[in-house]
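J.:
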Amino acid sequence: MPSGPVTLADVARAADVSLATASRVLNGSVRTVGPVLREQVLAAAAELGYRPNPAAQAMARGASDLVGLVVPDITDPWDAEVAAGVLEVAREMGLLVSVVSTGHDPELELEHVSSMRNHRARAVVLAGSRTSGRDVGRRLAAEVEGFELAGGRVAVLGQRTLGTDTLLLENRPSAKALAASLVEQGFERFHVLAGPKELVTARDRVAGFKDGTAGGRKSRLGEVVNGALSREGGYEAALELAASVDLRGSCVLAVSDTVAVGALAALRERKLKVPQDVALAGFDDLPVGRETTPALTTVALPLRDLGRRLADLALGPLPEDDGVRVERVPGEVVHRASTKRRR
DNA sequence: CCGGCAGGAATCTATTTTAG
DNA sequence: CTAAAATAGATTCCTGCCGG
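Following the UniProt record's numbering, the numbering of the first sequence begins with 1 at its first residue and continues without gaps.
In structure tokens form, the structure reads like this:
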């Protein structure tokens, strides 16, 4: 009885076959093994309690089973949906995903990419919005480049700051379309809950809101209030907004659905009825925004599908021209009760 | 159908070299 | 001549490719 973990060699010896044959039976191969030897190997493996060694398999196959995934905050439904899409594809391919939730700390993101590189992961998916920190960005770019040079694949969701396959969210055009559609419905006064100043995604959306509300004789844009990209951030920003201006008859554009949900609570507290007194719109089309009263007007992003497409970019076949692929993802404006005009 | 063997990289063992 | 350090070699995991 051998000591330590049971190896393929132990099984092969017990079944009286070659290493190669045992491998083909137990861990799969293009080729088939005759029924007699197959049974011998299976019996021996069961008897000994054989478990394959993934490290050794990675070596022999020249590719590991590991995929890295970085999200800013896995407790955020947005991140969770995208992650679910990535996990679906990875599971279908029999791959193992190592997820890190960075809490918006770029250093942690860098650390995980570095760790995945050390582990010889097959690919890394970065699903966090880039922040404007230049030095960390450069070090991340260097780490990503090193990882790719070593044969790893990288796919990024968000901005095009790394020279890798990217899904580009059309935040600005979508935000513009949302705002413009509300102008068309007759809203004349807009305020913005803008989220964090340093978050590129938030900045793009705010720019889109400005684009969409512009035009005509005078500006329709009122206050722009920054805050955290969270329910609490939205709540506080909305309180601040309600304290500084009279919101009646205007439309509040929130930079995300979570922010809008917080704002909804603040407005209710201020005895402002949505949409009778003030209209409110969000962004992302999270499930939570459909279940609020009233349901939120928003921009729908196919989040789970985004995750799947990211995984496809990172794990699927390489493009013919082996160039960098950048796919644009449009959002879809969805009108619901929170911006209904009273007749 | 089946067996032999190379190969990545860490880790353990043996051998040789160097220092004191 | 002993002890430590540097160097070399062996071992370990499994699979894809090649040969019979």
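C-beta: ideal position from N, C-alpha, C; glycine also.
Here's the rule I'm using: 16 or more other beta-carbon atoms within 10 Å means buried, otherwise exposed. How should T32 be labelled?
T.: When all chains shown are included, T32 counts as exposed.
J.: Please identify the residue among A150, A80, V252 and A243 whose C-alpha is closest to the C-alpha of L182.
T.: V252
J.: Buried or exposed: V192, going by 16 or more other Cβ atoms within 10 Å of its Cβ?
T.: buried
J.: To the nearest angstrom, how far is it from the Cα of A228 to the Cα of H112?
T.: Straight-line spacing of the CA atoms in A228 and H112 works out to 24 Å.
J.: Quick check on the burial criterion: 16 or more other C-beta atoms within 10 angstroms. Buried or exposed for A150?
T.: exposed
J.: Please state if the CB of L286 and the CB of P77 are separated by a distance shorter than 7 Å.
T.: Their beta carbons are under 7 Å apart, which means P77 touches L286 by this criterion.
J.: Would you mind stating whether L69 and L167 have Cβ atoms separated by less than 7 Å?
T.: no
J.: State the Cα-Cα distance for the pair R231 and H104, rounded to the nearest angstrom.
T.: One C-alpha to the other measures close to 16 Å.
J.: Starting from the Cα of E188, find the closest Cα among P173, G222, L157 and G208 and give me that residue.
T.: G222
J.: Leaving out five residues on either side along the sequence, give the residues of the same chain with a beta carbon under 7 Å from the beta carbon of A9.
T.: L19
J.: Over what stretch of residues does the beta strand (DSSP E) that includes V6 continue unbroken?
T.: For V6, there is no enclosing beta strand (DSSP E), since its DSSP letter is neither H nor E.
J.: Classify T297 as helix, strand or coil using the three-state DSSP reduction.
T.: strand
J.: H191 by DSSP, collapsed to three states: which one?
T.: strand
J.: Given V329, which residues of its chain have a CB within under 6 Å of its CB, disregarding the five upstream and five downstream residues?
T.: These residues qualify, in order along the chain: L167 and L169.
J.: Can you find the residues in the same chain that come closer than 6 Å, C-beta to C-beta, to D246, ignoring five residues on each side of it along the sequence?
T.: Around D246: no qualifying Cβ.
J.: Figure out for me which residue from G85, G249, F147 and A90 has the closest Cα to the Cα of S115.
T.: F147
J.: Below 8 Å, how does it come out for the stretch 87-101 and the stretch 57-73: are there three or more Cβ pairs, yes or no?
T.: yes
J.: Using 8 Å as the threshold, is the stretch 80-94 in touch with the stretch 304-319, meaning 3 or more CB pairs across them?
T.: Touching, yes, given that three or more Cβ pairs across the two stretches are closer than 8 Å.
J.: Is T166 helix, strand or coil when you go by DSSP?
T.: strand
J.: Applying the 10 Å Cβ sphere with the 16-neighbour rule, what's the burial state of M1?
T.: At M1 the pLDDT is 45, less than 50, meaning the model places this residue with poor confidence; the figure from the coordinates comes in the next sentence. Flag for M1 reads exposed.
J.: Let me know the secondary structure DSSP gives N53 once reduced to three states.
T.: coil
J.: As a quick exercise: from A242, N27 and V41, pick the residue whose alpha carbon is nearest that of D16.
T.: V41
J.: Just the Cα atoms here: how many angstroms apart are T258 and E81?
T.: 14 Å
J.: Suppose you measure from the CA of F283 to the CA of R203; what does that come to, to the nearest Å?
T.: 13 Å
J.: Unbroken beta strand (DSSP E) runs of length 3 or more, entirely within the stretch 93-164: which are they?
T.: 96-101, 123-126 and 153-157
J.: For a quick check, are the C-beta atoms of G262 and G234 less than 7 Å apart?
T.: yes
J.: Can you tell me the Cα-Cα spacing of A237 and N226, whole angstroms?
T.: 7 Å
J.: Measure the CB-CB distance between R219 and G331 and report whether it falls below 7 Å.
T.: It is Ser, not Arg, that sits at residue 219 in the sequence shown. No.
J.: Quick one: give me the first and last residue of the alpha helix (DSSP H) that L37 is part of.
T.: P35 to L48
J.: Just how far apart, CA to CA, sit L272 and A194?
T.: 20 Å
J.: Is E143 near the ligand FAD, judged by its Cβ being under 6 Å from some heavy atom?
T.: By its list of ligands, the structure shown contains no ligand whatsoever, and the ligand FAD lies outside what it can speak to.
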